[in-house]
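Structure first, then comments.
Protein chains in written order, with the numbering used here: chain A, 1 to 380; chain B, 381 to 760.
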């Protein structure tokens, strides 16, 4: 294998595939990056078994030469050293050669590296997905879906299925739902599908996979194609191939958790409410989950308080845009409400309560596609 | 105590005094920030016994009102909570009140915090320095002196005196010297002093104190006054008072370590040399101290190499601006040479060797006031 490649393109690709590489893998060769040179260009692969990422650098694109003088072949290089070496090379062009003993030579200007590589045929083959179950979204739309739900997945392994985001298609919309059983985040995306083009339910994507994917895909109008099989999901852009395993098991039915009536409704400015709760939680650091109390007052006022005897107490008075229904005293995890408010870009939110011990709902005022459900904490 | 203060000024002062506050102190009250309100303004103090920092916010400055409605008094607040609270307050103006039970109330807009404070009279008194031993430098000059030497202090406590920077006055110049016994960094600053104005030697300032000071003082043309007593040093700007203990013991005489002749001299471009050594050290991560080898070649060429059998090897070829004297093969810690080259702003350096086992000297070509001495490593 031999080729000359533009360093900047190579650095981008390395950064992408490194997102899948972990030093804690059971198959030693997976601590490396697979490099494959073909007449079309250079492909890098990284994998930790759960996530596999391929990044392709075409020989030529839009009249720009990315790679040249290609002799086909492949090799696996150590991910611990390769990225730093490429990043620090002195010139824009890099020559990479692998001999039959998997010795890799990297040359740029006066710098010459010889790295012990490994046989690429020992690298696990990525499964090839055969499916018609696919859907195409804009990058920016998928990033929103991820950002608005993935924070609510469970981080503990007691119910592994909850560490994933449930993706399902129902009634003309694509829905992402995540819950850790204390709070739930849900986002609907209305889509038009041709019949039979797409059919799946109970697809549960590991939260970690979506977080890594979100870091790689650019926030733009390009499109990404999602394909699903029984146990894997593939996200594919022009030069990127992101494969993740799906979680086993049945995702719980969450729709019945969502109350369909409310006793108290609060209308508030998203940012003001977020900041008041954030401040109220400052002294609640010591107690588990940063519990704060919220109480409705006269004249559309809210009072948010917390109290840690050894430190002190906070009282936040907040003017709302309106409070309807019963008086309310409720305690909740400041962290959960802050997480929920943070992903709401709309200026105003509506919060619906059905009593101090029942879950409450946070929604942007002018967007019915986002719903956040939070369970209160018993303190009163 | 009561006053209303501009939040931004208060945040700056808090950030300064926080540099001296540690959660690992033996005197519990030192985990707090002392606040003193007087008719002139507000003074904050932080201390960990080794370093004490006072930051003063004048009531009024350049026609700007920083603090008003001041009722004199003092209190100590918990440094764990106070900075976050102030930073997150909703309005620009903050009211701070302490009652006779040291209960502190912080109000801004709809936010009201009640914090348990402590009696300021229990806070250790900072010593008042009485000395005529003082010298005034520009901030930017002092920052240079610190930056060019402090990185070479010892980080291990086997010889505590080496964890400090030796400041001395000799032959019309102020000298900063630091060494960890493997390398030495020295910076001279020619100064003119009136007779008897200033007299000291064997002043050893903890490296940590200088690093913290360097973070606080701004890189500008303002001046800073340095006063020295037997066991303390004070750095004073208009509104800042930075006091550090000095290290006990005699600083070793370092001037005799510096060779006065050389057998091989290399002239090189600072940045090129730095980058080549940095790359050569990439594969030497595993061995202690990142040892690399340097060898002079024909035609003013240098070869810098490293070799870690289980990983691979690097060969860097570098054109110099000239090599004079004997051929040379030498091994050294890449880290030490990188540290030394990094603080040199001049484009070119001169490196003087007196043999493979003798310390070598790195100096900027056009600045005789910086000298870096590095001991080689025996590998050949």
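By construction, the Cβ of each residue, glycine as well, lies at the ideal position given by its N, Cα and C atoms.
This one's a predicted model, so the numbers in the text were calculated from it and none came from an experiment.
When you compare only the Cα positions, how much space is there between residue i and residue j?
i, j, result
"residue 451 (chain B)", "residue 505 (chain B)", "22 Å"
"residue 420 (chain B)", "residue 365 (chain A)", "50 Å"
"residue 140 (chain A)", "residue 515 (chain B)", "59 Å"
"residue 607 (chain B)", "residue 474 (chain B)", "35 Å"
"residue 45 (chain A)", "residue 316 (chain A)", "52 Å"
"residue 702 (chain B)", "residue 726 (chain B)", "17 Å"
"residue 219 (chain A)", "residue 58 (chain A)", "22 Å"
"residue 449 (chain B)", "residue 387 (chain B)", "15 Å"
"residue 643 (chain B)", "residue 394 (chain B)", "54 Å"
"residue 163 (chain A)", "residue 728 (chain B)", "56 Å"
"residue 444 (chain B)", "residue 500 (chain B)", "28 Å"
"residue 538 (chain B)", "residue 152 (chain A)", "49 Å"
"residue 732 (chain B)", "residue 559 (chain B)", "19 Å"
"residue 641 (chain B)", "residue 441 (chain B)", "56 Å"
"residue 270 (chain A)", "residue 350 (chain A)", "9 Å"
"residue 236 (chain A)", "residue 527 (chain B)", "49 Å"
"residue 495 (chain B)", "residue 314 (chain A)", "8 Å"
"residue 562 (chain B)", "residue 457 (chain B)", "43 Å"
"residue 511 (chain B)", "residue 612 (chain B)", "11 Å"
"residue 677 (chain B)", "residue 700 (chain B)", "10 Å"
"residue 735 (chain B)", "residue 127 (chain A)", "59 Å"
"residue 491 (chain B)", "residue 470 (chain B)", "7 Å"
"residue 738 (chain B)", "residue 673 (chain B)", "15 Å"
"residue 479 (chain B)", "residue 244 (chain A)", "60 Å"
"residue 83 (chain A)", "residue 117 (chain A)", "14 Å"
"residue 222 (chain A)", "residue 214 (chain A)", "14 Å"
"residue 169 (chain A)", "residue 686 (chain B)", "57 Å"
Can the beta-carbon of residue i be found closer than 9 Å to that of residue j?
i, j, result
"residue 477 (chain B)", "residue 468 (chain B)", "no"
"residue 29 (chain A)", "residue 171 (chain A)", "no"
"residue 31 (chain A)", "residue 92 (chain A)", "no"
"residue 210 (chain A)", "residue 150 (chain A)", "yes"
"residue 382 (chain A)", "residue 373 (chain A)", "Residue 382 (chain A) falls outside the range modelled here, since chain A spans only 1 to 380, and no answer is possible."
"residue 311 (chain A)", "residue 379 (chain A)", "no"
"residue 648 (chain B)", "residue 714 (chain B)", "no"
"residue 49 (chain A)", "residue 26 (chain A)", "yes"
"residue 137 (chain A)", "residue 229 (chain A)", "no"
"residue 328 (chain A)", "residue 273 (chain A)", "no"
"residue 295 (chain A)", "residue 343 (chain A)", "no"
"residue 688 (chain B)", "residue 664 (chain B)", "yes"
"residue 413 (chain B)", "residue 385 (chain B)", "no"
"residue 391 (chain B)", "residue 454 (chain B)", "no"
"residue 212 (chain A)", "residue 265 (chain A)", "no"
"residue 254 (chain A)", "residue 367 (chain A)", "no"
"residue 571 (chain B)", "residue 282 (chain A)", "no"
"residue 103 (chain A)", "residue 66 (chain A)", "no"
"residue 371 (chain A)", "residue 258 (chain A)", "yes"
Could you pull the DSSP bridge partners for residue i from this structure?
i, result
"residue 57 (chain A)", "A:42"
"residue 665 (chain B)", "DSSP lists no partner for residue 665 (chain B)."
"residue 488 (chain B)", "B:491"
"residue 164 (chain A)", "A:206"
"residue 36 (chain A)", "A:43, A:74"
"residue 187 (chain A)", "A:176, A:370"
"residue 649 (chain B)", "B:728"
"residue 95 (chain A)", "A:4, A:107"
"residue 241 (chain A)", "A:54, A:236"
"residue 137 (chain A)", "A:224"
"residue 644 (chain B)", "B:705, B:733"
"residue 532 (chain B)", "DSSP lists no partner for residue 532 (chain B)."
"residue 257 (chain A)", "Answer by DSSP bridge pairing: none, since residue 257 (chain A) is not bridged."
Should residue i be listed as close to the ligand GDP, given that the test is whether its C-beta is under 8 Å from any heavy atom?
i, result
"residue 360 (chain A)", "This structure simply doesn't include the ligand GDP, nor any ligand for that matter."
Any beta carbon from chain D within less than 9 Å of residue i's own beta carbon?
i, result
"residue 102 (chain A)", "Absent here is chain D; the protein component of the structure consists of chains A and B."
Quiz item: Would you call the segment 7 to 20 of chain A and the segment 45 to 60 of chain A touching, i.e. three or more CB-CB distances under 8 Å?
Solution: Touching, per the Cβ criterion.
Quiz item: Are three or more beta carbon pairs between the segment 239 to 254 of chain A and the segment 334 to 352 of chain A nearer than 8 Å?
Solution: Contact between the segment 239 to 254 of chain A and the segment 334 to 352 of chain A is absent, because fewer than three Cβ pairs lie under 8 Å.
Quiz prompt | In chain order, each alpha helix (DSSP H) run of at least 4 residues that lies wholly inside the segment 672 to 757 of chain B | solution = You should have 714 to 722.
Exercise. Spell out a yes or no on whether the segment 581 to 595 of chain B and the segment 560 to 570 of chain B are touching, meaning 3 or more CB-CB pairs, one atom from each, closer than 8 Å.
Key: These segments do not touch.
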